[in-house]
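**Q** Residue 494 in my numbering sits at position 63 of the sequence shown, with consecutive numbering throughout.
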Amino acid sequence: MRLRNNPKAYEIMKENADLVILKPEEHKGHYHDIFEINQPLYIEIGMGKGDFIYQNALKHPENNYIGIEKFPSVLAAAINKINKNQSLPNLKLMHFDAIELENVFENGEIDHLFLNFSDPWPKKRHAKRRLTSSAFLNVYRRLLKKDGVIEFKTDNRGLFEYSLQSVTENNYHLDYVSLDLHNSPEAGDNIMTEYERKFSVNGPIYKMIISDCKE
Ligand code: SAM
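Right, dumping it as structure tokens:
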């Protein structure tokens with residue numbers, strides 16, 4: 432996501448403290464306190480400008496949603512976009528790198544995780560940074576509830592193949608796979624992300640839904 436550095440990004444975050452959780456680690460284990468209603472917690476890691484998480488929160492008032500983004504300028508763009516729409520009591524945003532996930536969430540605190548068009552990190556020496564690497568899958572395993580689910584979409588075939596192998600090696604259960612989401616029966620319910628809208632003209636969108644085989 433190429434956005435020019437926005438020097439006012441932190442200011443924008445502070446001005447929108449009703450939407451942005453400014454000190455996420457202070458809420459570890461107590462995320463339900465920041466929402467009006469205690470209901471399932473859905474997280475998107477790397478939400479970009481936030482279209483997907485906003486549309487989900489709008490469509491599903493029965494869930495709480497948090498969008499995570501590591502670049503302040505991108506998060507500021509998401510805030511500005513969301514503020515043009517109606518505000519939603521079940522949506523919050525946070526700025527941090529997913530590497531910090533375990534400092535921010537308690538084990539078993541998350542019901543559902545979305546990874547949409549995650550950065551592919553094509554070089555082998557950067558493989559650990561992929562959000563479907565073994566290291567991240569093990570973190571998600573701890574943070575997800577017993578019946579927790581991860582949904583992953585990408586247009587990048589190499590990343591999808593890598594992720595299929597990674598989830599299998601890490602003993603996740605493959606609940607659903609599509610090699611062409613937009614031409615599948617699930618296309619009707621699919622909420623598109625910004626990247627998806629832009630890049631699906633070039634080729635298929637891949638999707639998998641996985642869950643942990645916890646006892
Ligand atoms: N999910 C959005 C979409 O589909 O339109 C954005 C996709 S964009 C390719 C990837 C986004 O993930 C970028 O905004 C990037 O800054 C963010 N991101 C990448 N690695 C991250 C990490 N480790 N923690 C949090 N955000 C991350």
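Idealized CB from N, CA, C, for every residue including glycine.
1. May I ask whether a heavy atom of the ligand SAM can be found less than 7 Å away from the beta carbon of Asn547?
2. Would you tell me roughly how many angstroms separate the C-alpha atoms of Leu522 and Asn601, rounded to the nearest one?
3. Based on the DSSP output, what are the partners of Ser642 in its beta bridges?
4. With DSSP as the reference, label Glu554 as helix, strand or coil.
5. Do the CB positions of Ile465 and Tyr485 come within less than 8 Å of each other?
6. Note down the Cα distance separating Tyr441 from Glu500, rounded to an integer number of angstroms.
7. Can you tell me the Cβ-Cβ gap for Leu568 and Tyr603, rounded? I've got them flagged as a contact below 8 Å.
8. Less than 7 Å between the CB of Phe502 and some heavy atom of the ligand SAM, yes or no?
**A** Reading it off the structure:
1. Within the sequence shown, numbered from 1, the residue matching residue 547 stands at position 116. Answer for Asn547: yes, Cβ within range of the ligand SAM.
2. On the sequence shown, position 91 is the one that residue 522 refers to. On the sequence shown, position 170 is the one that residue 601 refers to. About 31 Å.
3. Walking along the sequence shown from the start, residue 642 turns up at place 211. Per DSSP, Val580 and His604.
4. What you label residue 554 is simply residue 123 of the sequence shown in a count that begins at 1. Reading off the sequence shown, one finds Lys at residue 554, where the question assumed Glu. Residue state, collapsed to three classes: coil.
5. Translated into positions along the sequence shown, residue 465 becomes position 34. Translated into positions along the sequence shown, residue 485 becomes position 54. Contact flag unset, no.
6. Within the sequence shown, the letter at position 10 stands for residue 441. Within the sequence shown, the letter at position 69 stands for residue 500. The straight-line gap from Cα to Cα measures roughly 13 Å.
7. As a first step, residue 568 is located in the sequence shown; it is residue number 137 there, counting from the start. As a first step, residue 603 is located in the sequence shown; it is residue number 172 there, counting from the start. Sure, about 7 Å apart at Cβ, within 8 Å.
8. Working through the sequence shown from its first residue, we reach residue 502 at position 71. Answer for Phe502: yes, Cβ within range of the ligand SAM.
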